[in-house]
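Those protein sequences? They're chains R and G, same order as listed.
Numbering of the first sequence is given in the working numbering, commencing with residue 1 and proceeding in unit increments.
Numbering of the second sequence is given in the working numbering, commencing with residue 1001 and proceeding in unit increments.
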Amino acid sequence: MVLLQRPHILLLLIGTHQFLQCWIAFGSVNEEGQKQEEFSEELLLKTLPDHKLLAHFHFQSSAPPSTSNGCHHHLFPKAISQLVQKFRIKEMELSFTQGRWNYESWGGFDPKSSSNAKPAGVELWAVFDVPQHHIDASWKNLTHTLSGLFCASINFLESTATYSTPEWSFPPASGNVRYGTLPCEAVCTENLSPWLKLLPCRDKAGIALLLDRPSLYRGFYHSQQLHLTSTGSSSEGIDSGIILEQTLTVVLQPNSEMAIEVHASEKHIQPSWSLSSIFGKQVSGRCVLAKSSSVYLLLDRGLSAANGLTSENFWSNPSFELSANPDRIFLEESSSHSKSLSILYMFQVEKYCESEPFDIGLMWKVPLAWFCQQTPLHASSANSKDGSCELRVDVFQVVPWYVKVYFHSLRVFVDQQPRAVSDIIEKIHVSPSKDKCLLGFLRIDEYPPDANQGFDIPSAIISFPNFHASMVFLEDDSLNKSPLLSKFQEKCPVMPYTEVLLVPLTTPDFSMPYNVITITCTVFALYFGSLLNVLQRRVAEEERFLKAKAAKKTGRLPLLLSKLSAKLRGRRLEPLHSPPSSSSFINSKLVLKVILVAGLAVGWQYFFS
Amino acid sequence: MAETKEKSLSDEKPKPRVRPIVRLGIFLISHSFHVSVVCCTAGVLALFLLPVLAKNTYISENALMPGSASPMLSNQHVSDGNRLVKDLTNPNSKSSETGIESHKIIAQYMLDLGAEVSFHKFHPQMNQFHPLHFFSSPDSGKIQENYSCSSYGINTVGIIRAPRGDGKEAIVLVTPYNALKSGFGEALSLGIAYSVFSLLTQVTWLAKDIIWLVADSQYGEYAAVAAWLREYQTPKFSSLSAPNAEMCPDVNNLFELKGHSISGSKFSNSFRRAGTMAAALVLKVRDQNEQFEDTISIYAEASNGQMPNLDLINVVNYLAVHRQGLRVNVEKLWSLLNSSWLKSLGEIFESLAKVAKSLYPKWKFGIPATEYVEGTATLASSLYYQALGVPTGPHGAFRDYQVDAITLEISPKFSLDKVWRNDILLRGGRLIEGVIRSVNNLLEKFHQSFFLYLLTSPSKFVSVGVYMIAFALLIAPLPMVAASLYVDANSSSKRSKGDSSTPSAITDTDEHSIAIRSWSPTTSFMIWVLLSILSLLTLNSVLASPLACAKATQEKEWALVKSVTISSVFIGLGLMSVINFATAEIGALLMVPMCLLAQPLKLDVRAGTLRSFCRMICNLVLGHIAFPPAAFFLLKGMLDGFGNANVGDFWMWVESLWAWNSATYLFIGMVQLPCWVLCISILFHTC
């Protein structure tokens, strides 16, 4: 501790303008001692078959396991490390997504799409390293913390209708997982800003400079993710290393203003693009804190096959032209079942500076058409060897408790032929709602804020446990392996998501509580009024008084009125000489006066208008 | 109430403390005659006052924001639409017998725009009567087996996915199109839809998916849309489609050809879906038109008088009138427009309103007499089509799934030059674009405005709170009269209660006689009448024999029967007003006076006074009018002239009610006919 403390003090003495150099010097001092915190930034670009461009930003920061650092970090965001330590998170993924991933034209089987295609809204899953009975509590706390951190209503995930415990159908499955989604969460800049704050250079330098908000949110798909993995010994918790991957995947339309007047003849040629035309910005050098900073351009297997590119002639491509020369080119390790190979062009941002900003453009010369790799559902027949094609599919879906799912009505069709459920389905596990049950109607607080839109049923995850998407590139040196490349080589599970379902349920009139309150108040007022009236009335005395009063006057009108009221009361009309009982409340004089005044008013009005 | 009355009458000296509400009830019952006269007159009067009481429509949902964005549909899109119209009206495209060529053209156009396209093959389904499926969606579980290859239709469906939407909701645009004998109007409607569609593939504001359904209307517009909706709402994974496609080479051919296309990735053989439907618009263009103005007609009535949300009509009306300069009209009974009595009634209301206004300037309820007549004509047609319970267009199929939908029929002033065609394409397209944009703005589904209303003009409506009054006034005296009759009959002779077995028996005869079909309408109608009379007479002689033998002791028996009749009418009307209000209203107009007035003719003849003579005449007239066929002929004769009224028409009318699952059919069979028979039996009662 003493040894570490000293450079800090020294640093303060030197002053701020030399901050960075000093810091780097400090970093080199300690290099032999222990592993250092690292940060790397990468950008992957890929043209998609339907004239669109996929840009995938990948920022990785890692904090090594160290007892010495305590809770101090140089590069690593403190909020995240505190989060990990507090809730003992082993692994966590949070994604904000807008738009739909188009599995058919953007692919569903390559490592990029299978890890980046997320359902619309917010998805969060986390693996905890705490005893079973504490998991739910830490999940709730985690959602609240994250909602504060990312300015989103992630705290709604604490309600039991939105999250669940996948037992075996979700790939990082273990008992300690909690998985939840909020399909109706809108994603906007206010979620991106806190996400950018976790980067050491924010969006002031390096590749993150490209993150121009208007052009990002103009895209067709926008998914911003945060993946946390804590490594190292888990028992102490304090000295676990953390790897934080922040990725942002956007699908953009290059030169969208041109697309409107594209005619049928030019429709098949891919639009040319450059970084500056897509994002409106250029990269003026790397983020100085980054260990590596590079931009990759990926050519699909399908594209390189359509292009006629093989391992020999990839330098001289006939169909397109790159505005900058790649620093290195990676070829995919050839596998048995596919002839064509993916090609990865790498550009190092370090070489560029403010005066000579980095920009890369791609100009197409020949119209090309190709397809992305689909999910194995479409490609499965090729994988069978002995004729019997077997495919394991796991489906996992969280259905809110107010939607009833009847499993007896489940029918399975294979190749449009109905099959017995027991032949196809090995295992169904339903974990019913434990704290709620349907009583015929929902309570008012169980409705979503805009209940008349309907209820969202989150998308199901379909995973193929026997299939893993990976792309292994031939590399000469494994020493400075970039995180993105190693990510490619990892076997990541293939998990397409289904679309979100909107169920329009009947909703009550939400102005009803107001009506109920009004009616109840009226009834209460009437009740108490009449009760008081009854309590304070002296019947005999009143009658005597009325008789005395009515004996004095008799007239035509009161007689008539008394007749009517007597009929209303169901009594016989008493003889004329006996005083009418009802004249108490109908004062003839008053009525006459009122009629006189009204007549005068009418006449006046009629006369003068 | 009746019991208390009885009690109060039995002991002459009333108890000093009877609760006021009971006293009021007794008062009303004992004065039931005056009450019923007052209430009935007031009810009829209130019905005629409805056009005066109609309020101006307003857009209730703020999120709709119609017309707040300037239309983006440009001449480029219009010329695209024109291209499609030209291709479709091209004689080459009609060479194929099945009309598949034109479907291919449409599909190719959709594909060129980058939309997802699929064909939906359907077989027209036979209508089946589901007596109690008033508001539930039609069940799709039944799969009919024996489809023949020759009879199927093909819907072409194009879907635009909203670029940034989440695909939870969709807006449907339907254009009925008969490939075999399509008029120019249908091609034009496709042109309008296509120009809107081509715009919508480019816009960025889309939040909901857009489905364009070109419904094959060779088996009827409704059948095509209903078949597509059935498939959309209930996924059918059956193996039916595969063998059928093999059997029918035509369809196979169709699918194959499309697969070749270069952008064929967007074409799929499987059924395509988007999210929950937010609203649907059916677009039609009428072929021939004599009007001097471009008008647009709105049809909104779905099955059993269900209406779409008023906001949808408001948006269309607002955009058409204030943005595109089209004239909007809703269906009206044209023959009512020239009726002089209505005009004089309107003048009376107008002058009354003038007097009221001169008395107090803020009382402004009067409307000009011409407007009143038009309002009444519209109201009458609105009431009639709601009462009929038969949807007025393909939009009715959507309402069965609780989707708000209307049919827009554009009838352009007739002219053939190109400028005019472009103009109608532009204006129609901009109208559709505006409506779609408004619906697109919606976060929640339509729920703000009214669902229960009657239109008196495209911009005026009568809400449920107002039109209920007329009905309530009409049926209010029924329980009182029934109670007073019962009390009277009981007090005079405390004998057995009247037999109420007759109504049920009559109902039965009505039900099973409907099974006769396959004759010409006239003969089957006659057979039905004969059979019912026969069965009625036999049943009467068998079951209602106590009625004949005990006549000496039961002088007031007819009063009991009348009381039973009135209460059953009351119950029937009350139930019907929940299911289909308009039917109940018209039924009340017909039946309430008859039931209230019914008295044995013999009594009136015996009495011989002027009053009883009048009552007898009234009874006879009402007894004729309230008989459903007679009422139908009278109405038809009044509207179309008596010359072309045919006996079989009624049979056809009832059959159409049956085919469309209308609740009105049940009402006529189970409430109106039995009660009419009871009334007739009262009239001819031998007392």
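The beta-carbon is built from N, C-alpha and C at its ideal position, and this holds for glycine as well.
Neighbourhood of residue i by C-beta distance below 6 Å, restricted to the same chain and skipping five residues each side
i	result
L1113 of chain G	S1198 and T1201
F330 of chain R	L344 and F473
R180 of chain R	The question names Arg, yet the displayed sequence has Gly at residue 180 of chain R. These residues qualify, in order along the chain: L124, L157, T162 and Y163.
H1077 of chain G	S1195, S1198 and L1199
L1603 of chain G	none
S1382 of chain G	L1454 and L1455
L484 of chain R	E42 and H58
I1161 of chain G	Just to set this straight, residue 1161 of chain G is Arg in the shown sequence, not Ile. Here the set comprises D1209.
M92 of chain R	A126 and L228
Chain R contact for residue i (CB, 8 Å cutoff)
i	result
G1275 of chain G	yes
P1308 of chain G	no
H1447 of chain G	yes
P1477 of chain G	no
G1191 of chain G	no
S1358 of chain G	yes
K1494 of chain G	Note that K1494 of chain G scores a pLDDT of 46, beneath 50, so its modelled location is shaky and nothing firm can be said.
F1684 of chain G	no
Contact set for residue i: own chain, Cβ-Cβ below 7 Å, skip 5 residues either direction
i	result
P1600 of chain G	W1558, I1682, L1683, H1685 and C1687
I1394 of chain G	Per the sequence shown, the amino acid found at residue 1394 of chain G is Pro instead of Ile. Correct list, in chain order: V1174, P1176, A1215, E1221, Y1222, V1225, V1282 and T1407.
K1562 of chain G	L1485, A1598 and I1682
S304 of chain R	S340, L341, S342 and I343
L1425 of chain G	V1078, G1081, N1082, G1191, I1192 and S1195
S105 of chain R	L48, P49, D50 and C372
For residue i, the residue or residues it bridges with in DSSP
i	result
E624 of chain R	What is shown of chain R runs 1 to 609, which leaves residue 624 of chain R out entirely.
I1566 of chain G	Per DSSP, none; premise fails for I1566 of chain G.
A1170 of chain G	G:D1209 and G:M1277
H468 of chain R	R:P493
G1153 of chain G	G:F1122
Assumed close pair residue i, residue j - CB separation to whole angstroms, cut-off 8 Å
i	j	result
F96 of chain R	Q224 of chain R	5 Å
I80 of chain R	L228 of chain R	7 Å
C201 of chain R	S284 of chain R	At roughly 12 Å, the Cβ-Cβ gap does not stay under 8 Å, so C201 of chain R and S284 of chain R are not in contact.
L45 of chain R	Y296 of chain R	7 Å
M976 of chain G	G1637 of chain G	The displayed coordinates of chain G run from 1001 to 1687. Any statement about residue 976 of chain G would go beyond what the structure contains.
S323 of chain R	S274 of chain R	6 Å
I462 of chain R	F170 of chain R	Their Cβ separation, rounded to whole angstroms, is 11 Å, which puts I462 of chain R and F170 of chain R out of contact at 8 Å.
P77 of chain R	L198 of chain R	4 Å
Residue-chain proximity (residue i, chain G), Cβ-Cβ < 8 Å
i	result
Y606 of chain R	yes
R419 of chain R	no
G454 of chain R	yes
F220 of chain R	yes
Q285 of chain R	Reading the sequence as shown, one finds Gly at residue 285 of chain R and not Gln. Not closer than 8 Å to any Cβ of chain G, the Cβ of G285 of chain R fails to qualify, so no.
V250 of chain R	no
L182 of chain R	no
Q224 of chain R	no
P579 of chain R	Low local confidence applies: a pLDDT of 43 at P579 of chain R is under 50, so the model's placement there is unreliable, with the coordinate-based value given in what follows. With 8 Å as the cut-off, P579 of chain R does not count as an interface residue toward chain G.
E499 of chain R	yes
Own chain, CB closer than 8 Å to residue i, minus 5 neighbours either side, in chain order
i	result
Y1318 of chain G	I1059, P1066 and G1067
C1039 of chain G	L1473, L1474, A1476 and P1477
V1373 of chain G	L1336, L1337, S1339, L1342, K1343 and G1346
Quick check for students: name the residue ranges of the alpha helix (DSSP H) that lie wholly in the stretch 1583 to 1631 of chain G, counting only runs of 4 or more. 1601 to 1607 and 1610 to 1625
Runs of beta strand (DSSP E) wholly within the stretch 1278 to 1309 of chain G (minimum 3 residues, chain order): 1295 to 1299
Any chance you could list the beta strand (DSSP E) runs of at least 3 consecutive residues sitting entirely within the stretch 101 to 167 of chain R, in chain order? 121 to 128
Scan the stretch 499 to 554 of chain R and note each continuous beta strand (DSSP E) run of 3 residues or more that stays entirely inside, going in chain order. 501 to 503
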